[in-house]
Every structure is written in C-alpha cells, then in structure tokens.
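All residue numbers for the sequence shown refer to my numbering, where the first residue is 1052 and numbers rise by one.
Cβ atoms here follow ideal geometry from the backbone N, Cα and C, with glycine treated the same way.
Please read these numbers as outputs of a predicted model, since none were measured by experiment.
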Amino acid sequence: MAFLTNLFGGQTNGTHETDNAAEVVENLVERVETSTVPEDRRDALKALRSLAKKVRLPVAAIGMNVYMEILEKEGNSSEIVSIVLEILVAVLCDDDFPDEGQDEIGERLAEMIVRRKTFITSIMTLVESYEFAVRRAVIQLLTALLRHRASEVQTAIVEEPMGVSRLVDLLHDTREIIRNSAVLMMSELSRAHPQIQQLLAYENSFQLLFDVIDVEPMESIVIEDCLYVILNLLRKNPKNQQLFREASLIQRLAVLLNSFLYGREGEQDLPQRDFEWQKQKIANVIFLLQVVRSLIAPQDNSQSNTHAAQKAISHSGMLKTLCSVLLSEIVATVEVLTEAIITVAEVICGDYPNQEYFSTCSLATDVGNRPALIVLLLSMNTDKQPFKLRCAVFYCFLCYLYDNEFGKTKNVSKIPQLLLLDEQ
C-alpha cells in the first residue's frame, strides 16, 4: 500500500480494512493477468467491478496497467472490454462529489489514464463498436474523463483521425440510452474549445440535435441537454452562428418555441394557461431563449452578426410569439416571462423595423388597446413584481430607445399621458 500512499499524496487512510482490500484487489488482478481460462478472467474482472465503488484507489492503481492492456489488445472481446470500461467509469466517478473539481482521487486517476499515449486511440476505436454494453460504457468513460481532464481529452480527440466525426455519429444510434448518453458526452466535449465547437458544427451536429429534440416529449430533460450543447456551439462563436442562420435553424427554434407554448402540431393539448408548467418544461424554454440570445446578445456579438440574426428572428415569426408571451396571451411562469422580456429586448435593440413592430403590439383591455410598452412599464410600478422582472422591463425599455430617434421623439413623449389615463 505504500506506493498508493505516495502516488496520491497520502489519500489512503492506512487502515487494516484498506490493506485487506488492496490484497484482495492484487489477487484479482493477478488472476486477470495470469489465468488462461476466459471464464476465470471474466469472473475476476466482475469482482473488481463490484469493488470499484467501495475501494476506488486500489482497484484503479493496482489494476490500471492490466485494464489499459485489455483495451489496447483485446478490443474484439466485447464482454471483457465492457467490464473493464465499467470499472474505469466506477473509479472515476464518486457519488459523494458529483461536481468536477471536488473529487481529487478522480482527478488524479483521470490524469493517469489520459497520459497513457495509446489510450484515446483505443477508446476511439471502441466507439465504433455497435455492442450495446461497450458503446454505452465507452461514452460514459469519455464523459467522466472530459469532466475531469477536459483540455487534454479534447486535444487528443482532435488529433485522432475523424475523432469528432466518430463521436457525432453516435447521435444516429436509434437506441435511446446510447443516443442520450452521447448528448451528455457532447455537452462536455463542446465546452470552451472553439476548434471542437466548429468541427461539431461542420459535422451537422445542430441538425442532429434538433432531430433528437423533435422525438422527445416537451418535458424531457434530453431537450435541455440538446439545447445546452447548441448553446455551447453558438455562444461567442460567429462562424457557427453564421452556419446556424444559413441552415435556416432559427426557423426550427421558432417552431420549437411554438411547440412549447401551444403544443406540437397534431397534438390535442388543452390550452397551456389551464395548467401549471412543469419544472423541466420551464428549464427547457429558458434554455431555448438563451440559445436565441446567444445569437443577438450585444455584448457577445459583432453588430453585423447581431443584425443578421435579428432580421432572421423577425422573419421566423419568433418576435411575434415572444410579444404574445409578454402581453399575457400565454400565461407563463415568472422565470419564463423574465427571460422572454430580455430576449425581446435584445431582438429589438438597435433594429428599427423590430422596434417599430414592438411599438405596434398592444393588449386589448376594457378601456381600449394598451401598447406593449405601457403594459411593461406599468408592471415596473407594481411592488409585487420580482426585482429581476422589473429590471428586465427596464432593460427592454432601454433597448427600445437605443438608436431609435422616432421612438424617442414620438412614442416616448406620449408615455406620461398614457400612464396617467391608465391610472384613472
């Protein structure tokens, strides 16, 4: 056990139980190395798998060379390979530390694995296996490694021939568990790496992710995962944003928003206002709106990119839909309403045709039509409204005025009079 203590900086407790566990692991690893009976090797690996969560460090450190050799040389033995992959997933993932950066043992083990020169090559070869257990485990292993050692794994994948392409192909898998696991893996793969983000976009990832969304229920967490990947690929990435616009995918966002609000075409849903929105549906809509904002946020995008996206969003009908949310034709939650107001603000910011359209939107009341701007400004005067919502309204007001001389001179001058009439 001394070498384990030295390797991991004294992470082991040095207890009698740990020493006994190490001895058991050593015996099992020796059986895997020396046994000539396939069933005996398989049983020894299964025993190691059962111990992996309980005694992560001995199972990983003592058996690592054996596991690596199996992955490199026995790729055709699906059962053995899948067990080894499951062992590695188990030792890398600690349920007590679900967030990356907190699990020091997992970090060190991931570093040990990634530094093996031929490891990623072996893993990328196994990705092409259609065997369910192998493919599921290899995706889970890649996901765990990306969470612990993202930069090294991303670099290694880029250096592999067709590395990104092979991973994107996993989205074609018709088995939901595999496909959904691949989406989760892509959410880690697409983080903070512009080259991979661009490769993913060129490999048709946007369309494939929308295809996944189209077959999922509106309250599915898989939709959130897909939108998260899309958001990663678009945020602060002008080339990917251009690809997204040119592929007419803003129109698919508009269709998806309508589906969330009114139900999918052909579905006999009751009006949405009759039900409370489920938490997952709220999360999905907020992520969708964040995807829209990634295309138009003034602080993240060039003026030319922003105006191109604003024009496309207006032509898709999404601005009209969002304004209907603001004017309470659709009863949404406060969280969705706040995000929708911010989204409308950025769609109209500095874009006169969109500002003009917004100024024509109104809400029918007993005393006549009330302009959208007045509806929003009145909500700011209500103490019961959440502070974040009131800030969103003020932001929308500022965006309406931005670079809008007509709005400043003609419409805003009427606001005090309209507010006074409303109070009467």
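Same chain, Cβ closer than 7 Å to residue i, five either side skipped, listed in chain order
i: residue 1321; result: Only weak support exists for where residue 1321 lies, its pLDDT of 47 falling under 50; the value from the coordinates is given anyway. Cβ within range, chain order: n/a, list empty.
i: residue 1270; result: 1329, 1331, 1332
i: residue 1439; result: 1389
Residues near residue i by beta carbon distance below 6 Å, same chain, minus five either side
i: residue 1261; result: 1303
i: residue 1236; result: 1190, 1193, 1194
i: residue 1441; result: 1431
i: residue 1365; result: 1405
i: residue 1205; result: 1244, 1247
i: residue 1102; result: 1110
i: residue 1080; result: 1113, 1114, 1117
Alpha-carbon to alpha-carbon, residue j and residue i
i: residue 1458; j: residue 1451; result: 7 Å
i: residue 1338; j: residue 1082; result: 50 Å
i: residue 1328; j: residue 1427; result: 22 Å
i: residue 1433; j: residue 1200; result: 49 Å
i: residue 1155; j: residue 1257; result: 35 Å
i: residue 1423; j: residue 1348; result: 22 Å
i: residue 1477; j: residue 1174; result: Since the first and last residues shown for the chain are 1052 and 1475, residue 1477 lies out of range.
i: residue 1325; j: residue 1313; result: At residue 1325 the pLDDT is 47, less than 50, meaning the model places this residue with poor confidence; the figure from the coordinates comes in the next sentence. Approximately 12 Å between the Cα atoms of the pair.
i: residue 1305; j: residue 1159; result: 45 Å
i: residue 1285; j: residue 1400; result: 20 Å
i: residue 1447; j: residue 1136; result: 51 Å
i: residue 1111; j: residue 1125; result: 19 Å
i: residue 1253; j: residue 1268; result: 27 Å
i: residue 1211; j: residue 1179; result: 13 Å
i: residue 1122; j: residue 1398; result: 51 Å
i: residue 1226; j: residue 1453; result: 49 Å
i: residue 1153; j: residue 1164; result: 18 Å
i: residue 1443; j: residue 1207; result: 43 Å
i: residue 1307; j: residue 1274; result: 10 Å
i: residue 1411; j: residue 1456; result: 16 Å
Among the options, the one whose alpha carbon lies nearest that of residue i
i: residue 1316; options: 1453, 1142, 1266; result: 1266
i: residue 1184; options: 1453, 1229, 1254, 1206; result: 1229
i: residue 1240; options: 1130, 1119, 1203; result: 1203
i: residue 1096; options: 1139, 1244, 1456; result: 1139
i: residue 1344; options: 1423, 1368, 1392, 1310; result: 1392
i: residue 1177; options: 1156, 1218, 1165, 1167; result: 1218
i: residue 1086; options: 1102, 1110, 1072, 1117; result: 1117
i: residue 1379; options: 1099, 1361, 1413, 1368; result: 1413
i: residue 1259; options: 1286, 1248, 1223; result: 1223
i: residue 1128; options: 1181, 1370, 1102; result: 1181
i: residue 1370; options: 1355, 1301, 1437; result: 1301
i: residue 1196; options: 1210, 1179, 1225, 1166; result: 1166
i: residue 1188; options: 1225, 1141, 1153; result: 1141
i: residue 1336; options: 1264, 1445, 1079; result: 1264
i: residue 1340; options: 1309, 1358, 1409; result: 1309
Residues near residue i in its chain [Cβ-Cβ closer than 8 Å; skip 5 each side]
i: residue 1238; result: 1276, 1279, 1280, 1283
i: residue 1093; result: 1130, 1131, 1134
i: residue 1105; result: 1072
i: residue 1437; result: 1385, 1389
For residue j and residue i, believed in contact at Cβ under 8 Å, the rounded distance
i: residue 1289; j: residue 1352; result: 7 Å
i: residue 1233; j: residue 1221; result: 4 Å
i: residue 1109; j: residue 1073; result: 4 Å
i: residue 1360; j: residue 1421; result: That belief does not hold up - the Cβ atoms of residue 1360 and residue 1421 are roughly 29 Å apart, past 8 Å.
i: residue 1357; j: residue 1373; result: Contact flag wrong, Cβ pair sits at about 17 Å.
i: residue 1249; j: residue 1291; result: 6 Å
i: residue 1119; j: residue 1170; result: 6 Å
Beta carbon proximity, residue i to chain B, threshold 8 Å
i: residue 1113; result: Of the chains in the structure shown, none is chain B; there is only one protein chain.
Neighbour-count burial assignment, residue i, 16 or more Cβ in a 10 Å radius
i: residue 1333; result: buried
i: residue 1091; result: exposed
i: residue 1076; result: buried
i: residue 1089; result: exposed
i: residue 1449; result: exposed
i: residue 1100; result: buried
i: residue 1460; result: exposed
i: residue 1186; result: buried
i: residue 1367; result: buried
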